[in-house]
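Chains as they are written, first to last, in the working numbering: chain A, 5 to 790; chain B, 3 to 159; chain C, 7 to 294. Take a look at the structure set out below.
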Amino acid sequence: MSSRIFGSGIRRREDPRLITGSATYTHDIVLPGMVHAVMLRSSHAHARITRIDTEQAKAAPGVLAVYTGADIEGALQPMPCAWLLPDSDLKIAAYPCIASDVVRYTGDIVAVVVAEQPSQGYDALDLIEVDYEPLPSVTDPEAAAADGAPQLHADIEGNQAFHWTVAGGDADAAFAEAEASGVVIKERILQQRLIPNAMEPRGAVAQYSRATGELTLWNTTQNPHILRFLCSVVTGIPEDKLRVIAPEVGGGFGSKIAAYPADFVTVFCSKQLGRPVKWIETRSENYQATTHGRDHVQDVELAATKDGKITGLRCTVHAGMGAYLSTAAPGIPTILHGLMLSGCYTIPALKEDVYGVYTNGVPVEAYRGAGRPEATFMLERLIDMLAGELGMDPADVRRRNFIPKFDDGHKVITTLNYDSGDYPGALDKLLEHTGYAGLRAQQAAGPVNGKYLGLGLSSYVEICGLGPSQVAGAIGFQGGLWESAIVRFHPTGKVHVFIGASPHGQGEETTFAQIVASEIGVSSDDVKIFHGDTDATPMGWGTYGSRTTAVGGAALAVAVRKIRDKAKVLAAHLLEASVDDMEYEDGKFFVKGSPDKAKTIQDIALMANVAWDLPEGMEAGLEASTFYDPPNFVFPYGAHLAVVEVDTATGDVELKGYTALDDCGPQINPTIVEGQVHGGVVQGIGQALWEGAAYDDSGQLVTGSMLDYALPRADRLPPIDVISTVTRSPHHPLGVKGIGEAGTIASTAAVYNAVMDALKPLGVKRVDMPFTPERVWRAIQDAKGA
Amino acid sequence: MKVPVSITINGRVCEHEVEPRTLLVHFIRDLAGLTGTKVGCDTSQCGSCTVLIDGVSAKSCTTLAAQADGAGITTIEGLGDGEQLHPLQESFWNKHGLQCGFCTPGMILASHELLRTNASPSEAEIRHGLEGNLCRCTGYENIVRAVRDAAGAMAQE
Amino acid sequence: MFAADFEYYRAGSVAEARELLAAHPGAKLLAGGHSLIPLLKLRLAAPAAVVDIGRIGELHGISNGGGALHIGALTTHAEIAASAAVNAGAEALAEAASQIGDPAVRNRGTIGGNVAHADPASDLPTVLAALGATFTVSGPDGERSLAAADFFQGMMATALGEHDILTAVNVPAAGSGSGSAYVKFSHPASRYAVVGAAAAVTGAGGTCAGASVAVGGATAVPVRCASVEAALAGRALSADAIAAAAAAAGSDFGDDLLGDVFASGEYRKAVAPVYVQRALTAAAERAG
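Below you can see the structure in the form of structure tokens.
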């Protein structure tokens with residue numbers, strides 16, 4: 005059984021509560037005496053507040069209190085930024101929980117109303133009078149960095165939050181040579197602003213006890229332990245009196261990593277009023293105030309020889325950070341982006357300058373893939389352009405530049421040490437599986453009814469399983485990146501696991517149970533997983549960066565192995581044998597050659613717990629805990645193919661087919677892996693085809709609701725074909741890598757390349773994402789005119 | 003002004019005097035205490051709040067409780083019979099048709115509507131039938147498989 | 007989201023609804039609620055009172071008589087899409103109704119509420135303009151009938167007065183040798199029409215005896231494309247003739263084009279011929 009549970013696509017144990025409506029999300033929590041907070045958010049992108057009058061609102065029916073920036077003075081510290089990027093001239097702007105003098109984006113909190121009913125809170129919002137003196141605003145990162153741009157923060161010149169660089173080899177020399185005798189490809193890439201859109205809006209329930217000084221905070225967070233720490237910093241409530249609970253969390257995609265002002269304002273309200281306070285954002289508010297993703301302006305150039313060998317890469321990135329630096333924001337367009345710039349290719353020289361820029365937009369944070377899609381896109385686009393320039397097939401250019409297969413470490417120019425990979429093998433398998441040659445032949449036959457076929461490839465490698473804590477410290481991350489787990493056997497052989505990592509939809513309650521079952525031979529049904537409650541679980545650094553299984557799962561495996569070691573000693577004692585003579589198989593401990601006289605793990609659990617007959621010096625109980633600090637990151641990879649059809653009459657793009665090949669090492673639960681790929685791929689497709697947050701000239705979010713911001717829907721998608729290869733990570737206890745973000749990292753570039761491939765015969769060179777029909781149609785018209 | 007509203011939810015009569023602005027979804031969640039029905043947007047786009055009104059799907063965030071006065075509502079909590087899962091619930095579980103679960107109650111009830119109006123839908127018909135429900139986790143692939151699976155199971159019943 | 011509160015009255019008959027409207031100035035009519043409730047929730051509308059006409063039996067259902075389909079204002083989009091009579095006599099209307107919003111929206115949204123809301127990106131007004139529908143209005147001075155051109159007066163504006171109630175929409179039923187179709191470029195987020203083209207063609211023997219074409223989405227009210235209709239009249243319904251005629255669609259739009267961040271007015275106008283052509287082709291096929 006243990007040999008089969010690892011790798012088995014068993015049904016998720018999370019699902020029964022979710023499919024019957026009996027799961028409890030933050031919004032579902034009801035406490036005695038609970039009241040409701042509603043935030044008044046700035047209606048201006050940039051303005052000075054000259055007057056706030058809350059008198060009428062305070063007198064409105066059901067209203068208990070209205071607080072403004074003046075009220076939180078001294079009670080709530082500014083929002084902390086937790087990724088202090090070194091060597092980057094990082095300038096962190098003050099980020100008050102409630103703005104009191106200047107508002108800097110349309111989601112800035114200006115006041116909070118607490119009322120008996122949420123409806124009464126919204127009624128009272130309309131009664132708060134705020135006078136604004138509008139200031140000039142800027143939402144485009146490049147424009148915000150330009151001379152004469154409106155200044156967001158008085159003490160931060162040029163709106164520059166940081167300037168970070170990465171370099172390796174002599175990039176300038178490579179370009180000089182390519183200009184003389186090779187090829188140089190230049191491109192400007194806009195990675196548009198994206199709205200994460202976890203289906204569950206964010207929210208918090210704060211319950212403060214004046215009697216004990218203790219606070220319980222239910223929150224829609226991806227990392228309850230980090231939130232506990234940050235909550236303590238901002239609210240001053242000591243960490244030991246703080247309990248954070250992430251109940252059922254409905255997706256995050258990075259948007260539930262950050263701590264948010266509204267969370268702490270909710271805590272403040274509970275503390276002030278001595279009553280439980282609930283705050284749940286509306287979807288419009290989610291668009292206005294919950295972190296966004298991407299927002300890069302990239303100027304990129306690639307140097308190559310005339311036979312398609314890449315010799316250098318140079319780029320300058322203006323990364324919009326929004327009005328303030330969110331919790332982990334500085335690390336996203338830098339560490340997680342720049343260090344992955346060489347992708348799965350041998351690139352001898354590269355250089356990148358990343359400018360983090362304050363703009364009058366929602367703060368930008370990690371969003372599924374976080375930095376890596378922006379790197380993959382850059383490379384994959386340029387490689388396709390190089391192929392076009394040289395008249396080569398894009399697959400051949402990739403093959404010419406891939407890092408050859410390796411299985412125990414490969415150092416790249418950015419200093420990272422990739423763990424294992426077979427990039428050529430992945431591409432070859434993908435091309436064979438999809439009948440790539442046949443598709444090319446079909447394309448060569450020409451358009452049918454004005455519809456042009458396009459094929460887009462994307463090869464990727466990503467960094468995940470974050471990561472060695474020593475590295476975390478070196479790159480300015482204000483925390484560790486280990487994970488911990490406690491495994492406890494009860495006398496009947498049933499198991500409780502307490503784990504710091506807190507999944508929010510990915511299904512790790514199931515995969516964690518599978519890990520325990522496969523490591524020690526119990527039924528996975530006998531394993532209960534506890535997570536998400538800081539009072540009940542050991543510390544964990546959160547679910548992001550595809551690290552939950554990769555790091556949390558490793559911690560769990562190591563803890564279970566400690567149990568196994570102890571059990572073996574006890575079994576030897578009970579069997580009156582030497583430990584060295586003991587063997588273990590599928591939950592049974594026996595003396596070599598006598599498997600019929602085995603002690604099962606259940607036998608051992610009982611004997612360890614009753615402690616009637618333990619070996620000299622052995623403690624009672626069967627429990628182990630581990631802090632697993634990974635020795636290196638893990639590097640999943642793969643190759644994707646998108647097939648599209650472009651209707652030249654209207655510019656409409658139809659995705660006809662999509663195949664993803666991903667290698668995340670051995671798959672603990674292949675069904676869950678496949679589901680992660682489906683979702684990830686579609687999110688990346690969304691960026692290419694439909695999604696984009698847009699601000700108007702006055703800094704108002706014009707894609708402010710689901711009526712305007714287009715998310716992928718079932719009816720515009722083809723079936724997603726998912727295949728895989730399996731390459732173990734040499735340094736991981738289970739050999740596994742992460743899979744949560746892989747799909748998104750690859751798919752935007754694949755779809756983009758496919759559309760541009762379709763448009764190539766028409767002479768179209770460049771279109772900004774998303775490919776709205778009008779943009780495609782205009783590009784076709786412009787190419788016709790040229 | 004308050005208006006009396008009596009709604010039978012999953013077979014149980016629920017009577018309250020409500021403000022006319024009370025939405026059906028708030029009546030279900032806050033007054034009847036059934037929190038399986040979710041609120042995911044404010045513009046009738048996401049479908050998380052989908053319920054059945056007299057057997058027919060509706061977005062409970064775009065329906066006043068007063069409009070549903072006298073009606074029979076089925077929510078996700080009432081879809082199975084308490085002991086046994088509805089075939090759609092079973093197939094969503096079997097086919098890994100959910101991840102974070104937030105869209106799932108609405109998605110299952112939208113699928114119920116789809117199969118009510120078309121007992122053996124094609125792949126394209128399933129995808130069209132789910133056009134009013136957003137899921138950010140699954141890419142819809144396994145939801146489509148789950149609906150197809152449930153259609154087969156229900157046809158055999 | 008929470009609407010500002012309002013008073014709620016439920017009308018049992020059209021007469022009672024009119025009385026309630028008279029008694030509560032500024033009151034809004036509520037049918038299925040799929041146009042009004044979103045506005046209330048976003049507090050873009052905050053009427054003091056709402057009159058719920060959703061249960062008035064006489065406003066419900068589809069009947070066929072006198073060469074016309076008589077569609078009660080409370081008939082839902084789902085009922086219209088599924089109606090055998092509508093599918094036989096006004097294919098374009100069934101086609102449009104089946105593409106509004108999504109299934110749950112179609113189960114609750116009504117034809118009356120939809121056209122009274124007069125959203126320029128809505129599907130039904132375009133089809134009703136092309137099919138020559140008339141709108142029956144019950145007002146303080148009795149009942150009157152309005153043509154589409156008179157009913158739709160501007161963006162979100164109709165000929166309905168504060169005390170008027172739209173009771174029915176009447177659509178001339180197509181005879182043999184006629185066909186109609188609606189083709190839509192759906193906004194990927196809202197599902198409203200970026201461009202929607204409706205065409206009705208009478209074409210016994212492959213020659214166009216008459217065509218009517220309307221386009222919605224690009225202008226404040228649906229545009230009847232007289233140039234297209236004229237270019238096609240009397241011609242053989244060939245692919246070339248349809249394409250040539252459709253090319254003129256934009257010339258009827260005037261200068262006041264609607265556009266947004268997703269699609270400019272210029273683009274909507276430029277691609278309208280494509281959708282008109284597709285609608286005409288489908289209508290001609292059905293006519294043949």
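Yeah, the Cβ is synthetic: ideal placement off N, Cα and C, and Gly gets one too.
Which residues in the same chain as residue i place their Cβ atom closer than 6 Å to its Cβ, once the five residues preceding and following it in sequence are excluded?
i: alanine 262 (chain A); result: Thr295, Ser330, Thr331, Glu369
i: arginine 782 (chain A); result: none
i: lysine 190 (chain C); result: Gln105, Ala199, Gly202
i: alanine 787 (chain A); result: Leu766, Gly767, Val768
i: tyrosine 14 (chain C); result: Val56
Report the CB separation of residue i from residue j in whole angstroms; it is logged as a contact under 8 Å.
i: alanine 646 (chain A); j: alanine 554 (chain A); result: 27 Å between Cβ atoms; not a contact.
i: valine 366 (chain A); j: alanine 293 (chain A); result: 6 Å
i: proline 716 (chain A); j: valine 686 (chain A); result: 5 Å
i: glutamate 523 (chain A); j: valine 573 (chain A); result: Their Cβ separation, rounded to whole angstroms, is 17 Å, which puts glutamate 523 (chain A) and valine 573 (chain A) out of contact at 8 Å.
i: glycine 373 (chain A); j: proline 337 (chain A); result: Incorrect: roughly 12 Å between the Cβ atoms, too far for contact.
i: lysine 741 (chain A); j: cysteine 468 (chain A); result: 7 Å
i: serine 462 (chain A); j: serine 751 (chain A); result: 7 Å
For residue i, which residues in the same chain have their Cβ closer than 7 Å to its Cβ, ignoring the five residues on either side in sequence?
i: glycine 209 (chain C); result: Gly183, Ala215, Leu243, Ala290, Ala293, Gly294
i: glutamine 704 (chain A); result: Ala49, Thr110
Could you check where the alpha helix (DSSP H) with residue i kicks off and where it finishes?
i: phenylalanine 94 (chain B); result: 89 to 96
i: aspartate 539 (chain A); result: Here aspartate 539 (chain A) belongs to no alpha helix (DSSP H), and DSSP marks it neither H nor E.
i: glutamine 158 (chain B); result: 143 to 158
i: lysine 572 (chain A); result: 558 to 578
Grab me the residues of residue i's own chain with a C-beta within less than 8 Å of its C-beta, minus the 5 sequence neighbours each way, in chain order.
i: alanine 178 (chain A); result: Ala307, Thr315, Gly316, Pro352, Ala353
Assuming residue i is part of the beta strand (DSSP E), what are its boundary residues?
i: alanine 119 (chain A); result: 113 to 119
i: tyrosine 588 (chain A); result: 586 to 589
i: tryptophan 283 (chain A); result: 281 to 284
i: aspartate 156 (chain C); result: First-last for aspartate 156 (chain C): 154 to 157, but that is the alpha helix (DSSP H), not the beta strand (DSSP E).
i: serine 629 (chain A); result: 626 to 632
i: isoleucine 55 (chain B); result: 52 to 55
i: arginine 55 (chain A); result: 51 to 57
i: proline 6 (chain B); result: 5 to 11
At least one CB of chain A closer than 7 Å to the CB of residue i: is that the case?
i: alanine 285 (chain C); result: no
i: tyrosine 15 (chain C); result: no
i: valine 267 (chain C); result: yes
i: tyrosine 188 (chain C); result: no
i: serine 196 (chain C); result: yes
i: arginine 147 (chain B); result: no
Do we get a CB-CB distance below 7 Å when we pair residue i with the residues of chain B?
i: methionine 162 (chain C); result: no
i: aspartate 246 (chain C); result: no
i: histidine 123 (chain C); result: no
i: asparagine 364 (chain A); result: no
i: glutamate 204 (chain A); result: yes
Under a CB-based cut-off of 7 Å, is residue i close to chain C?
i: aspartate 786 (chain A); result: no
i: valine 5 (chain B); result: yes
i: alanine 790 (chain A); result: no
i: serine 6 (chain A); result: Residue confidence is low: serine 6 (chain A) scores 44 on pLDDT, short of 50, so the model does not pin down where it sits. No coordinate-derived value is stated.
> What residue ranges within the stretch 122 to 178 of chain A form continuous beta strand (DSSP E) runs of no fewer than 3 residues, ordered along the chain?
Replying inline: 133 to 138, 164 to 172
> Curious, which full-length beta strand (DSSP E) runs of at least 3 residues does the stretch 183 to 268 of chain A contain?
Replying inline: 187 to 198, 207 to 213, 218 to 223, 246 to 249
> Taking only runs of the beta strand (DSSP E) that begin and end inside the stretch 267 to 336 of chain A, which ones reach a length of at least 3 residues, in chain order?
Replying inline: 281 to 284, 297 to 308, 314 to 326
>> My parser needs the alpha helix (DSSP H) runs of 4 or more residues fully inside the stretch 9 to 87 of chain C; what are they?
In response: 20 to 29, 42 to 47
> Going along the chain, which unbroken runs of the beta strand (DSSP E) with 3 or more residues stay wholly within the stretch 710 to 744 of chain A?
Replying inline: 724 to 728
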